[in-house]
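Engineer: The structure is given below, and queries will be raised subsequently.
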Amino acid sequence: MKTSQPAWRRMALLDNQKTERCTMQHPSRIRYLAQQLAWLSIPATLGTTALAQNPDQRATAIEEVVVAARRVEENLQDVPVAVTALTRSDLEALRVDNILGVGQTVPNVYIQKQGGSTAPQVNMRGVSNGSLNLQVDSGIGMYVDGVYLGRGGAAVFEMADLERVEVMRGPQGTLFGRNSTGGAINLITASPTGEFGVKLDAGIGNYNERHYKATIDLPEWNGLATRLTLGNRSYDGDVDNLSPRRTWFLPEPFGKQTTSRRGGDSDSDNLFLAAEYTGIDRLKLAYKFDYSDWEGTQNYRQMGSFGPCADFDSTPGQCIIGNGLVEAVHPISESFEYRDELAVPLESTATNETLGHSLTVDFELSDNIDLRYILGYREYELDMGSNQVWGDGEYIDTLGIIGSQPGGVYTPLIAMRYEEHEQTSHEFQLLGNAGNLDWILGVFHFTEEGEKDGPILLSRPISDGEFVPISAQDFHYFVGQKLSTDNDSTAVYAHLTWRLDRLELAGGLRYTEDEREEFVIAAGLYGLFLPGNQSFKYEGDNVDYDISATWHLDDSVNIYAKHATGFVSGGVLGGSTFEQEDMELYELGMKGDVFDHSLRLNAAVFRQERSDVQIEGFTAIGYFMGKGRDIVSEGVELEATWVPTAGLKLNAAWGYTNVDSSGDLRTYQPEHTLYLGMGYEFATLANGIQPSLRIDANWRDDVYRLACPAGMDQVPASDVCVGTADPALDAAAAIGATTRLSARFELAEIPLAGDTRFKAALWGRNLLDEDEIEFNFTLGGPTITSTFMRPRTYGLDLSVEF
Numbered sequence: 068m069k070t071s072q073p074a075w076r077r078m079a080l081l082d083n084q085k086t087e088r089c090t091m092q093h094p095s096r097i098r099y100l101a102q103q104l105a106w107l108s109i110p111a112t113l114g115t116t117a118l119a120q121n122p123d124q125r126a127t128a129i130e131e132v133v134v135a136a137r138r139v140e141e142n143l144q145d146v147p148v149a150v151t152a153l154t155r156s157d158l159e160a161l162r163v164d165n166i167l168g169v170g171q172t173v174p175n176v177y178i179q180k181q182g183g184s185t186a187p188q189v190n191m192r193g194v195s196n197g198s199l200n201l202q203v204d205s206g207i208g209m210y211v212d213g214v215y216l217g218r219g220g221a222a223v224f225e226m227a228d229l230e231r232v233e234v235m236r237g238p239q240g241t242l243f244g245r246n247s248t249g250g251a252i253n254l255i256t257a258s259p260t261g262e263f264g265v266k267l268d269a270g271i272g273n274y275n276e277r278h279y280k281a282t283i284d285l286p287e288w289n290g291l292a293t294r295l296t297l298g299n300r301s302y303d304g305d306v307d308n309l310s311p312r313r314t315w316f317l318p319e320p321f322g323k324q325t326t327s328r329r330g331g332d333s334d335s336d337n338l339f340l341a342a343e344y345t346g347i348d349r350l351k352l353a354y355k356f357d358y359s360d361w362e363g364t365q366n367y368r369q370m371g372s373f374g375p376c377a378d379f380d381s382t383p384g385q386c387i388i389g390n391g392l393v394e395a396v397h398p399i400s401e402s403f404e405y406r407d408e409l410a411v412p413l414e415s416t417a418t419n420e421t422l423g424h425s426l427t428v429d430f431e432l433s434d435n436i437d438l439r440y441i442l443g444y445r446e447y448e449l450d451m452g453s454n455q456v457w458g459d460g461e462y463i464d465t466l467g468i469i470g471s472q473p474g475g476v477y478t479p480l481i482a483m484r485y486e487e488h489e490q491t492s493h494e495f496q497l498l499g500n501a502g503n504l505d506w507i508l509g510v511f512h513f514t515e516e517g518e519k520d521g522p523i524l525l526s527r528p529i530s531d532g533e534f535v536p537i538s539a540q541d542f543h544y545f546v547g548q549k550l551s552t553d554n555d556s557t558a559v560y561a562h563l564t565w566r567l568d569r570l571e572l573a574g575g576l577r578y579t580e581d582e583r584e585e586f587v588i589a590a591g592l593y594g595l596f597l598p599g600n601q602s603f604k605y606e607g608d609n610v611d612y613d614i615s616a617t618w619h620l621d622d623s624v625n626i627y628a629k630h631a632t633g634f635v636s637g638g639v640l641g642g643s644t645f646e647q648e649d650m651e652l653y654e655l656g657m658k659g660d661v662f663d664h665s666l667r668l669n670a671a672v673f674r675q676e677r678s679d680v681q682i683e684g685f686t687a688i689g690y691f692m693g694k695g696r697d698i699v700s701e702g703v704e705l706e707a708t709w710v711p712t713a714g715l716k717l718n719a720a721w722g723y724t725n726v727d728s729s730g731d732l733r734t735y736q737p738e739h740t741l742y743l744g745m746g747y748e749f750a751t752l753a754n755g756i757q758p759s760l761r762i763d764a765n766w767r768d769d770v771y772r773l774a775c776p777a778g779m780d781q782v783p784a785s786d787v788c789v790g791t792a793d794p795a796l797d798a799a800a801a802i803g804a805t806t807r808l809s810a811r812f813e814l815a816e817i818p819l820a821g822d823t824r825f826k827a828a829l830w831g832r833n834l835l836d837e838d839e840i841e842f843n844f845t846l847g848g849p850t851i852t853s854t855f856m857r858p859r860t861y862g863l864d865l866s867v868e869f
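With the sequence shown counted from 1, adding 67 to any position gets you my numbering.
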């Protein structure tokens, strides 16, 4: 299909979507194969070195970056969207292999783990995606190759072959759909090159880090090109467990549980396959498959303040809890300072297995019209093991007062979480142009099914070797959940772009219908309020739109104005329906490449108005969703890239967000974020070796992770805080301003035999060894637990390519 773009603006069709399902057996073979290929093949490539002087080919201008923020590939500088793209070289230098590392260079974006879980906490322009419930959607859309991830609870998984990442800020509802009021993150994987090539990677680091990866591109054969990547990454956690190992047993699906040795262990096998077929005229088929099998331990929760133990005796080891005298073997930490060893007797191993298929069929109906079909399928199985929510501390019920067996290890609160989820999406797009008008028409259908089993054990000592029963209707589920969900969403949309010389007008409209069902299996001790084995349903619809005007001052500088809307779906939670949350955006921006494309300046100012804000909370009778008061976010974003001389590139990104709410709850959004980066390619050495150095610094402002000030409690499902605040405790629990400094020194293009190239790099992360709190939890009043940043890490990466 021909496009109506001006000569100075290049645009091509997007080719990065999805589907079909297959199963993996013996995933441990992935690690073995990747390890053998990566380590054994490197010495095999050694040979005669060519010692030729190369001319200076270092960059003196900023390269063009292509993004798919409007569902077609465009120059980043021409898109009236506040979008930041991380290229493959950025991802490698920053060691980004999952969604957690994406926010390092992006203004007004702050991403961290929700405690030790597999769920990311994404904060973008004052919007967060905090819920782990299957019934609740997120305000931050997450995508893999344009395929929507319906649940964020298992979204922290490693991608074996990432090509780039796009972070779009502000509502993206017209083209990307619901649940992207704060923005969207699109992880884009590699496509086959059609030429033979092999790349082998291996590396080591402190905390026993090891990684191996092997990628092979096969030459095109009768129109078919394929690419395969196998990888494994593992490392030890940074907090040792002082408690002895114990084994206990739970009913299925939880089974055998064993005390973990360290908090933060990780071992991930990964596979990626991409295939493209172009053997039929006007037809292109693109298939991608990604698989990740992770096993590890959650980050241990450290008790910062232990409010309920008001009668804690100064006599070592004595504390009255509930109705029994408990002896403390390892007392709780009661500290907001990082500790590298804790007593966590009832924390066990977690697993997360996830896979995705995508198939894109692109057929050129004529020179001006394309038909595209995108099929996506994803699934995950998540077992978080035994999670000692209460935090650290080991207590033994010596008298058997609390439990039936004397000598059992005691903790006030243990949670399990097992989930299975699968989703399927179908999308049809008709893309075309007529004169100065480009257009996209689309139909989208999404369906998902999920099951969750999340009992909570309260005040229950557990002895080594004991079988612990879990009953569907007793208090094991009094704040936990055992349920299933079935959600469907259908949308139709249109987007038009009209060009009049230097002026570009664009707009879109999207209509969405949602049908959602919650089936409650176990309601717990308070079944009087919500009996089990009941179904609850929700139906809703919405219209989103966006309009923008872009004025190109010349071929390299433009200014734009944009107005857009978005929404987060309503639904049903705990048997009660809740309505959708709405967002309106007003944005002005500028994008420019000046001084012969040696300086890039992008800026945006915005105002976002959220209404019918969804407020989640829980009580002794379960989870609820309420409606909060309106929230307004206003801010500024500046991004700059400068190449002042050959080989030197400087980057900066600053974000400011002011969140104004008439409610009592605090936002998790830092007021300021700042990124500074420097990359320098030294002159090429006589033997062709290319040395380079990269330094990246990311700073963010103070963050209050507690929704209410310490000492106060949130009224369930509301934006009201009650109780008496403790200013000193609140200050101690705040997540202080933090600078994360990383660096990488690399020797690339080391010549080996023939065309084989070798690369070695020394790297370090968190070089300042910051040990601030990363995530906080309140268990009511002054009881607060925390997880902490991972300490300084460093290592060596090796790579060979031929």
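Here a beta-carbon is modelled for each residue, glycine too, at the ideal position from N, C-alpha and C.
List, from N- to C-terminal side, the beta strand (DSSP E) runs of 3 residues or more that fit wholly inside the segment 742 to 801.
Structural biologist: Correct list: 757 to 767, 779 to 781, 788 to 790.
Engineer: Curious, which full-length beta strand (DSSP E) runs of at least 3 residues does the segment 452 to 508 contain?
Structural biologist: You should have 461 to 464, 475 to 477, 480 to 501.
Engineer: I'd like to know whether the C-beta atoms of serine 866 and arginine 245 end up nearer to each other than 7 Å.
Structural biologist: Position 799 of the sequence shown, counting from 1, holds the residue named residue 866. Position 178 of the sequence shown, counting from 1, holds the residue named residue 245. No, they are not a contact pair.
Engineer: With a CB to CB cut of under 7 Å and the five nearest residues on each side skipped, what residues in its chain are close to alanine 128?
Structural biologist: As a first step, residue 128 must be located in the sequence shown, where it is residue number 61. Excluding positions up to five away in sequence, the list reads Asp663, His664, Ser665, Val710.
Engineer: In three-state terms, what does DSSP make of tyrosine 735?
Structural biologist: On the sequence shown, residue 735 is found 668 positions in, with the first residue counted as 1. Three-state DSSP puts tyrosine 735 in coil, outside helix and strand.
Engineer: Relative to the alpha-carbon of leucine 291, which residue among Arg328, Asp334, Leu317, Gly346 has its alpha-carbon at the smallest distance?
Structural biologist: Residue numbering aside, residue 291 sits at position 224 when the sequence shown is read from its first letter. The residue with the shortest Cα to Cα distance from leucine 291 is Gly346.
Engineer: With respect to the alpha helix (DSSP H) encompassing glycine 638, which residues constitute its N-terminal and C-terminal limits?
Structural biologist: Sequence index remark: in the sequence shown, residue 638 carries index 571 (1-based). It is not in any alpha helix (DSSP H) - glycine 638 instead sits in the beta strand (DSSP E) that spans 638 to 640.
Engineer: Between the segment 447 to 466 and the segment 360 to 372, can you find at least three pairs of beta-carbon atoms closer than 8 Å?
Structural biologist: Because the criterion of three Cβ pairs below 8 Å is met, the segment 360 to 372 and the segment 447 to 466 touch.
Engineer: Nearest by alpha-carbon distance to phenylalanine 573: which of Glu584, Asp581, Ala561 is it?
Structural biologist: Numbered from 1 along the sequence shown, position 506 holds the residue referred to as residue 573. In the sequence as displayed, the identity of residue 573 is alanine instead of phenylalanine. If we check each option's Cα against that of alanine 573, Ala561 comes out closest.
Engineer: Quick one: residues in its chain with C-beta nearer than 6 Å to the C-beta of serine 853, no 5 flanking neighbours on either side, listed in chain order?
Structural biologist: Here residue 853 refers to the residue found at position 786 of the sequence shown. Result list for serine 853: Gln369, Gly371, Ile840, Asn843, in chain order.
Engineer: Give me the residue from Val176, Leu216, Arg155, Val150 with the minimum Cα distance to glutamate 654.
Structural biologist: Locating residue 654 in the sequence shown gives position 587, counting from the first residue. Selected option, being the one with the closest Cα: Val150.
Engineer: Taking Cβ positions, are asparagine 142 and glutamate 130 nearer each other than 7 Å?
Structural biologist: Indexing the sequence shown from 1 puts residue 142 at position 75. Indexing the sequence shown from 1 puts residue 130 at position 63. No, Cβ-Cβ distance for asparagine 142 and glutamate 130 is not below 7 Å.
Engineer: Could you spell out the range, first to last residue, of the beta strand (DSSP E) harbouring arginine 277?
Structural biologist: Locating residue 277 in the sequence shown gives position 210, counting from the first residue. Element bounds for arginine 277: 276 to 288.
Engineer: By Cβ distance, which residues of its chain are closer than 8 Å to leucine 161, with the 5 residues on each side in sequence left out?
Structural biologist: Against the sequence shown, residue 161 aligns to sequence position 94. Counting only Cβ-Cβ distances below 8 Å, and skipping sequence neighbours, we find Leu153, Gly168, Gln171, Thr172, Asp763, Ser809.
Engineer: Between serine 492 and phenylalanine 513, which are expected to be in contact by the criterion C-beta below 8 Å, what is the C-beta distance as a whole number of angstroms?
Structural biologist: For the purposes of this step, residue 492 is taken as the residue at position 425 of the sequence shown. For the purposes of this step, residue 513 is taken as the residue at position 446 of the sequence shown. With 8 Å as the limit, serine 492 and phenylalanine 513 qualify as a contact, their Cβ atoms being about 5 Å apart.
Engineer: Can you have a look at asparagine 725 and say buried or exposed, based on whether 16 or more other CB atoms are within 10 angstroms of its CB?
Structural biologist: Taking the sequence shown and counting its residues from 1, the one referred to as residue 725 is at position 658. Looking at its Cβ environment, which holds fewer than 16 other Cβ atoms inside 10 Å, asparagine 725 is exposed.
Engineer: Tell me the DSSP bridge mates of threonine 418?
Structural biologist: As a working mapping, residue 418 is identified with position 351 in the sequence shown. For threonine 418, which the question treats as bridged, DSSP gives the partners Asp450.
Engineer: What three-state label does DSSP hand alanine 152 in the structure shown?
Structural biologist: Stepping through the sequence shown from its first residue, residue 152 is reached at position 85. Strand at alanine 152.
Engineer: Would you identify the three-state DSSP class for histidine 512, choosing helix, strand or coil?
Structural biologist: Against the sequence shown, residue 512 aligns to sequence position 445. Strand at histidine 512.
Engineer: Under the three-state reduction of DSSP, which class applies to threonine 172: helix, strand or coil?
Structural biologist: In the sequence shown, the residue the question calls residue 172 occupies position 105. Note: threonine 172 maps to helix in three-state DSSP.
Engineer: Okay, do the segment 769 to 777 and the segment 813 to 821 touch, 3+ Cβ pairs below 8 Å being the bar?
Structural biologist: Output reads no: the segment 813 to 821 does not touch the segment 769 to 777.
Engineer: Which term fits threonine 860, buried or exposed, when burial requires 16 or more other beta carbons within 10 angstroms of its beta carbon?
Structural biologist: Position 793 of the sequence shown, counted from the start, is the residue given in the question as residue 860. Under this definition threonine 860 is a buried residue.
Engineer: Look at glutamate 516 and aspartate 553 and say whether their C-beta atoms are less than 7 Å apart.
Structural biologist: If you number the sequence shown from 1, residue 516 lands on position 449. If you number the sequence shown from 1, residue 553 lands on position 486. Yes, these two residues count as a Cβ contact at 7 Å.
Engineer: If you check the beta carbons only, do leucine 309 and alanine 222 fall under 7 Å apart?
Structural biologist: Here residue 309 refers to the residue found at position 242 when the sequence shown is read from its first residue. Here residue 222 refers to the residue found at position 155 when the sequence shown is read from its first residue. No, they are not a contact pair.
Engineer: Once you ignore the five residues that flank leucine 504 on each side, which residues in its own chain have a CB closer than 6 Å to its CB?
Structural biologist: Locating residue 504 in the sequence shown gives position 437, where the first residue counts as 1. Cβ neighbours of leucine 504 beyond the five flanking positions: Trp565.
Engineer: What residues in its chain sit with their C-beta under 6 Å from that of leucine 216, if we drop five residues either side in the sequence?
Structural biologist: Within the sequence shown, residue 216 is the residue found at index 149, counting from 1. Here the set comprises Met209, Ala222.
Engineer: Who are the near neighbours of alanine 126 in its chain, counting only those whose CB is closer than 8 Å to its CB and skipping five residues on each side?
Structural biologist: Stepping through the sequence shown from its first residue, residue 126 is reached at position 59. Contacts found: Val710, Ala713, Gly714, Lys716, Glu748.
Engineer: Between which two residues does the beta strand (DSSP E) harbouring threonine 708 extend?
Structural biologist: Locating residue 708 in the sequence shown gives position 641, where the first residue counts as 1. Segment 698 to 712, the beta strand (DSSP E) holding threonine 708.
Engineer: Residues bridged to histidine 619 by DSSP?
Structural biologist: On the sequence shown, residue 619 is found 552 positions in, with the first residue counted as 1. According to DSSP, histidine 619 bridges with Asn625.
Engineer: For leucine 242, report the span of its alpha helix (DSSP H) as first-last.
Structural biologist: If you number the sequence shown from 1, residue 242 lands on position 175. 240 to 243 is the extent of the alpha helix (DSSP H) around leucine 242.
Engineer: Shortest alpha-carbon distance to leucine 295 belongs to which of Gly746, Phe339, Phe316, Ala269?
Structural biologist: Walking along the sequence shown from the start, residue 295 turns up at place 228. Considering only alpha carbons, the answer is Phe339.
Engineer: What is the residue span of the beta strand (DSSP E) that histidine 562 lies within?
Structural biologist: The count along the sequence shown starts at 1 and reaches residue 562 at position 495. 548 to 567 is the span of the beta strand (DSSP E), which, as asked, contains histidine 562.
Engineer: From the DSSP output, which residues share a beta bridge with aspartate 336?
Structural biologist: Your numbering for residue 336 matches position 269 in the sequence shown. Aspartate 336 pairs with Asn299, Asp360.
Engineer: Is tryptophan 457 buried or exposed, if buried means 16 or more other CB atoms sit within 10 Å of its CB?
Structural biologist: What you label residue 457 is simply residue 390 of the sequence shown in a count that begins at 1. Buried, by the Cβ-count rule.
Engineer: State the DSSP-derived secondary structure class of aspartate 581, mapped to helix, strand or coil.
Structural biologist: For the purposes of this step, residue 581 is taken as the residue at position 514 of the sequence shown. Here aspartate 581 sits in strand by DSSP.
Engineer: Thinking C-beta only, is proline 238 closer than 7 Å to leucine 652?
Structural biologist: As a working note, residue 652 is residue 585 in the sequence shown. As a working note, residue 238 is residue 171 in the sequence shown. Closer than 7 Å, so yes.
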